[in-house]
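>
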Amino acid sequence: MKIFAAAAAAFLLVAGSSHAQSQSVSVRNLAPPGAFEVVSEGGEASLLPHVQVQHLVNGVWHNDPTDVQLMCSYIPSELPDCITLHDGEHLRPPPWNGYSCGSQSECGAGCRGNIFLPPGTFRFAVTLCSGGKSFAGPAFYMEEEPRKPARPPKR
648 MKIFAAAAAA
658 FLLVAGSSHA
668 QSQSVSVRNL
678 APPGAFEVVS
688 EGGEASLLPH
698 VQVQHLVNGV
708 WHNDPTDVQL
718 MCSYIPSELP
728 DCITLHDGEH
738 LRPPPWNGYS
748 CGSQSECGAG
758 CRGNIFLPPG
768 TFRFAVTLCS
778 GGKSFAGPAF
788 YMEEEPRKPA
798 RPPKR
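Each residue of the sequence shown is one higher than the one before, counting from 648 in my numbering.
Laid out in structure tokens, this is it:
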């Protein structure tokens, strides 16, 4: 009877741990620096659309003010509240170009007073809609040479 109870407890522990991992997300760097993908692993994950760009300064990660998003929108209010990835789904947002605003050239946004944040070591972090848990990707280094952000079309 004790063996059965121990086996049942072990089964529940394993089953419970797989459920706890159901909202695991990986942020992976791609080439060139600033390109990345987000992958849902072990279950469905709903993420906030804003991607946090973090800068390593004196051994501490700091959030940089950018407008990096998981998907493009010319009007931020048109972004969904959450972006859901199914188990195993990959999402490749437009790459970050190193700028504080107009941060993703493919999205076509621009602004005044734009700041080029590199050179330096950075990483991306995404946040679950429910509970606020964040997942940070690995560090990457971005060079000094800026890739110019796209300018909005002239009318």
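All C-beta atoms in this analysis are idealised placements derived from N, C-alpha and C, irrespective of residue type, glycine included. In this text, all values refer to a predicted model and were calculated from it rather than measured experimentally.
1) Which value, in whole angstroms, describes the spacing of the CA atoms of Glu736 and Ala682?
2) If we require 3 or more residues per run, which beta strand (DSSP E) segments fall completely within the region 705-732?
3) What does the alpha-carbon distance come out to for the pair Phe679 and Gly767?
4) Rounded C-beta distance between Thr774 and Ser750? I'm assuming under 8 angstroms.
5) Going by C-alpha distance, which of Gln701, Cys729, Phe771, Ser720 is nearest Leu677?
6) Keeping to the same chain, check which residues put their C-beta closer than 7 angstroms to that of Ser720; ignore five residues upstream and five downstream.
7) Closest by CA to Gly745, which one among Ala692, Val704, Arg675, Glu790?
The answer reads as follows:
1) Straight-line Cα distance between these residues: approximately 17 angstroms.
2) Qualifying beta strand (DSSP E) stretches, in chain order: 707-711, 730-732.
3) Per the sequence shown, residue 679 should be read as Pro rather than Phe. Distance between the alpha carbons of Pro679 and Gly767 is about 15 angstroms.
4) The distance from the Cβ of Thr774 to that of Ser750 is about 17 angstroms, inconsistent with a contact at the 8 angstroms cut-off.
5) Looking from the CA of Leu677, the closest CA among Gln701, Cys729, Phe771, Ser720 belongs to Phe771.
6) Cβ-Cβ distances below 7 angstroms link Ser720 to Leu726 in the same chain, with the five nearest sequence neighbours on each side left out; the list follows chain order.
7) Ranking the options by Cα distance to Gly745, first place goes to Glu790.
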